[in-house]
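As given, the protein sequences belong to chains D and S, one line each in that order.
Take the position in the first sequence, starting the count at 1, then add 5; the result is the number in my numbering.
Take the position in the second sequence, starting the count at 1, then add 308; the result is the number in my numbering.
From the three backbone atoms N, C-alpha and C, an ideal C-beta is built for every residue, glycine too.
The structure displayed is predicted, hence computed values, not measured ones.
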Amino acid sequence: MLDLQGVSRHFISGRGHVAALHDISFAVEGGQAVVLTGRSGSGKTTLLNCIGTLDLPDAGAILYQGTNICTLSSRQRNLFRRRQVGFVFQAGNLLPWLTIAENLQFPLELNGIRGAAQQRRIEELLAVFGLSGYDKALPAELSGGELQRIAFARAIAHAPAILLADEPTASLDSDNSRRLVELMLALCTARGTMLFIATHDQELAGMIETVIPLKDGKMETRP
Amino acid sequence: MPYPFLLKIAAVTLWRSWRATAVLSFMIVTAVAALVFLSALAVGTNDAMIRNSTGLFSGHIAASGIREADVAQLAMPGVSHVLVRRHLPVILRHNSLIEPVALVGIDPDREQEATALPGKTVAGRYPVAGEAAISISQDTADRLGLAVGDAVTVADGQGVGLKSLTVSGLYRTGITQLDQGMAFCPAAALPAGAASVSAAFFLDADTPLDTTVARYRQRFPAGTFTPWTEFMPDLKQLIDLEYICMAIVVTLVFAIVAVGISCSFLIFTLKNLREHGIMKAMGLEAGETALLLLIQIGLLTIAAAALGTLAGTLTTAVFAHTGIDISTFTSHNQYFAVSGILYPRLTGEALLTPPLVAVVFGLAASIWPIVYIIRKNPADILRNF
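Structure representation (C-alpha cells):
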C-alpha cells in the first residue's frame with residue numbers, strides 16, 4: 006500500500022514562493038489505478054516525481070509498505086526507484102541510440118535480470134505489446150503509438166510495484182490513447198501494480214475509477 | 309549494473325551517433341597525428357645533426373692514443389667503419405710561405421666510404437691510395453699560394469724538408485677545426501716520423517653509443533675513447549633542448565586540446581541530457597553514470613588517438629621516404645654541413661607519447677561533464693524538456 010500523508014512541495018521561482026503541492030493525502034492499494042487530472046501547473050508531475058522519489062516533499066510523508074520513502078538516503082531512494090518504480094514519460098522518452106530490445110534490456114540489467122531470463126522477458130514483452138520483430142529497430146523507426154507501447158513495456162519490464170505515467174497519451178490520437186490505457190489497466194490489474202496516470206485528457210480520466218483532480222497543488226476532492 | 313552493459317551502451321551511443329563522434333574525434337585525431345609527425349621530425353632533425361656532425365670526419369666515437377699493436381683489433385659488432393688515422397705535426401712550405409698543420413695519413417678508399425669530407429672537395433679531387441698527394445683546405449691553399457697540381461714541401465718542426473707532395477684537391481667544410489691546421493694524404497705518403505694513431509668509429513643506427521664506448525674502454529685501456537656527446541657537448545645540449553621543447557609543445561597542445569575535448573564533450577553530453585535524466589530516473593546510480601561517461605570518453609579518446617597515431621605514422625613514412633629538404637635554411641649551419649635533408653624517424657617514445665598524453669588528457673577532460681551530469685537532479689532535467 007502507498008499512503009500519502011499531507012504531502013507539500015514548494016518551489017521558489019520568478020513568481021515567488023509557489024506551492025506546487027499542498028497537503029496532499031490519499032492511499033492506494035496494489036493493483037489500483039489512479040488518474041491525476043488538472044491543468045498544466047496544477048502539480049500532477051510534481052506529485053508523480055515525489056511518489057517516484059525523483060523529488061522530495063517539503064512536508065508530509067509517503068509511506069510505501071509502512072516505510073517513509075522520503076526519509077530514505079539518496080542511494081536507498083535510487084534503489085527503491087530502480088526496483089519498485091516504472092516510469093512512462095511524455096512522448097515515450099526511449100533511449101534513442103539503443104534498439105527496442107536494448108531499451109527493454111536496460112531496466113532488466115539494472116535489476117539483475119540477465120541471460121536466458123532476460124531474453125525470455127524481452128520476447129514476452131514484445132509479443133504482449135504486438136511488437137515482435139521490432140527488437141532490432143531503433144526508436145526513430147517506430148510510430149508514436151508504437152513508441153508509447155515500448156515505453157510502457159520498458160516501464161513494467163522489471164515488474165515494478167508502482168507505475169507512474171506522465172501524460173502518456175499526449176502524443177497519441179484518441180484510438181491509440183484508449184488502447185494504450187486499456188492495456189495499462191489490464192496489465193497493472195493482473196500484476197497488482199499501482200498505476201498513477203497524470204493527464205489533462207478528460208476522456209482518458211473517464212476510463213479510470215479513481216480520479217484525483219488537482220488545482221494549484223491542492224486536491225479538489227478526496228478519493 | 310554490470311560493466312559489459314555499460315560498455316555496450318557507451319559503445320553503441322558513440323557508434324550510432326557517429327556524426328557527433330566524428331566531430332569530437334577530429335580534434336584528437338588531428339592533434340595526435342600532428343604530434344606524432346612533429347616528434348618524428350624532431351628525431352629526424354636530431355639524427356640529421358648527429359649524422360652531419362659525426363659523418364663529416366669524426367665518427368660517433370673518436371679514439372686517440374691507440375697502440376699500433378691494437379690497430380688490427382679495433383673492429384667490433386655494431387661498428388660499421390673503423391678509420392685509422394696517423395697524425396704527424398708538420399710544416400707545409402711553398403716558396404717562402406709556411407703553414408703549420410697536422411698532416412693526417414688516411415686510407416682514402418675507406419674515408420670515402422664512411423665520411424663526407426671527400427665530398428667537400430671544391431677543386432681537384434680527393435687523393436687516391438698510394439699516390440704522393442695531399443688534400444688541403446682552401447684556406448691553407450690561399451695562405452700558401454697553392455693551387456691544384458702544385459707541389460708542396462712537407463717539413464718537420466725544424467723546417468727540414470722531408471717530402472714533396474702534389475696538391476690533388478682543395479676542400480672547404482665551413483668548420484674551423486677542419487679548415488685550419490689540417491691536411492690529408494694517403495697513409496703511404498705520410499713522411500716517416502713519430503705519428504700518433506687515432507681512430508674514428510662509425511656505428512650502425514641501432515648500436516648504443518655509451519655501451520660501445522664502455523666496451524672499447526674496457527678492451528683497450530691504453531686508448532682514450534670519446535663519444536660524440538662529449539667531444540661535441542654543444543650538439544648534445546642542442547638535442548636535449550629540442551626534446552624538452554618538444555615535450556613542452558606536446559603538453560601545451562594537449563592542454564589546449566583537453567579544454568576543447570571537455571567543452572565538446574560537455575556539449576555532446578548536454579545534447580543527450582534528457583537521456584541521462586531518463587536513465588537516472590530509472591535508477592542508474594551516480595557511480596554508474598560517471599562510469600558510463602568515463603567509458604564513452606575513454607573509448608572515443610582511445611579510438612581517436614589510435615587513428616591519429618596511424619595517420620601520423622603514415623605521414624612520417626611518406627616523408628621518411630622522400631625526405632624534407634631544408635637546405636635553404638641550413639647552408640651556414642655547422643650541424644648541417646653535409647646535407648640539409650631531414651628524414652623523420654619514429655622512435656617508441658615519439659610514437660607512444662602523443663596518444664598516451666591524449667588519453668590521459670581526454671580522461672581528465674571528462675571530469676567536467678561527469679560532475680555536471682551527476683549533480684543534475686533527474687526531475688529537473690525532465691522538467692526542462
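Counting only Cβ-Cβ distances below 9 Å, S:Thr321 has contacts in chain D at Leu100, Trp102, Leu103, in chain order. Between the alpha carbons of S:Gly620 and S:Arg653 lies a distance of about 11 Å. Leaving aside the five residues that flank S:Thr448 on each side, the residues in its chain whose CB is nearer than 6 Å to its CB run, in chain order, Glu407. S:Pro677 has a beta carbon lying at 8 Å or more from every beta carbon in chain D. S:Val665 places its beta carbon less than 8 Å from that of S:Phe562. Among the CB atoms of chain S, none fall inside 8 Å of the CB of D:Glu146.
Among the bridge pairs identified by DSSP, S:Val390 is matched with S:Phe509. Taking one beta carbon from each stretch, the stretch 450-470 of chain S and the stretch 395-409 of chain S have 3 or more pairs nearer than 8 Å; the two touch.
The beta carbon of D:Pro62 sits no closer than 8 Å to any beta carbon of chain S.
Annotation for S:Glu407: the continuous beta strand (DSSP E) segment containing it runs 405-414. Contact annotation: S:Met357 and S:Leu543 have beta-carbon atoms nearer than 8 Å. Per DSSP, the continuous alpha helix (DSSP H) segment holding D:Ser79 begins and ends at 79-89.
Under the Cβ distance rule, D:Pro173 does not count among the residues neighbouring chain S, no pair being separated by less than 8 Å. C-alpha of S:Gly585 to C-alpha of D:Asn83: approximately 13 Å in a straight line. What S:Met590 touches in chain D, judged by beta-carbon distance under 8 Å, is Arg86, Arg87, Phe92, Phe111, Pro112, Leu115, going in chain order.
Excluding five sequence positions before and after S:Ser445, the CB atoms of its chain that fall closer than 8 Å to its own CB belong to Leu478, Tyr479, Arg480, Thr481, Leu486, Asp487, Gln488, Met490, Ala491, given in chain order. The alpha carbon of D:Leu188 has as its nearest neighbour, out of D:Phe157, D:Ala164, D:Pro165, D:Thr204, the alpha carbon of D:Phe157. The C-beta of S:Glu657 comes no closer than 8 Å to any C-beta of chain D. Looking at the backbone, the Cα of S:Thr636 and that of S:Ala530 are separated by about 44 Å.
D:Val90 is classed as buried because its beta carbon has at least 16 other beta carbons within 10 Å across all chains shown.
Contact between the stretch 147-161 of chain D and the stretch 171-190 of chain D is present, with at least three C-beta pairs closer than 8 Å.
DSSP, read as helix, strand or coil, puts D:Ser176 in coil.
If you check the CB distance, S:Leu314 and S:Phe576 do not come in under 8 Å.
Listed along chain D are Glu114, each with a C-beta nearer than 7 Å to that of S:Phe313.
The beta carbon of S:Ser325 falls within 8 Å of a beta carbon belonging to chain D, placing the residue at that interface.
Considering only beta carbons, no part of the stretch 176-202 of chain D lies closer than 7 Å to chain S. Where D:Tyr69 is concerned, there is no enclosing alpha helix (DSSP H), although the beta strand (DSSP E) around it starts and stops at 64-69. Distance between S:Leu581 and S:Leu602, taken at the CA atoms: about 15 Å. Among the bridge pairs identified by DSSP, D:Lys223 is matched with D:Lys220. Inter-segment contact for the stretch 317-329 of chain S and the stretch 55-69 of chain D is absent: fewer than three beta-carbon pairs are separated by less than 8 Å.
The C-beta of S:Thr609 has 16 or more other C-beta atoms within 10 Å across all chains shown, which makes the residue buried. Annotation: the stretch 423-464 of chain S contains the following complete segments of the alpha helix (DSSP H) (minimum length 4 residues), in chain order: 446-452.
Not a single CB atom of chain S sits nearer than 8 Å to the CB of D:Asn73.
Chain-ordered, the chain S residues with CB closer than 7 Å to the CB of D:Leu59 read Ala589, Pro686, Ala687. At least one C-beta of chain D is nearer than 8 Å to the C-beta of S:Leu690.
If you draw a straight line from the Cα of D:Leu185 to the Cα of D:His205, it comes to about 16 Å.
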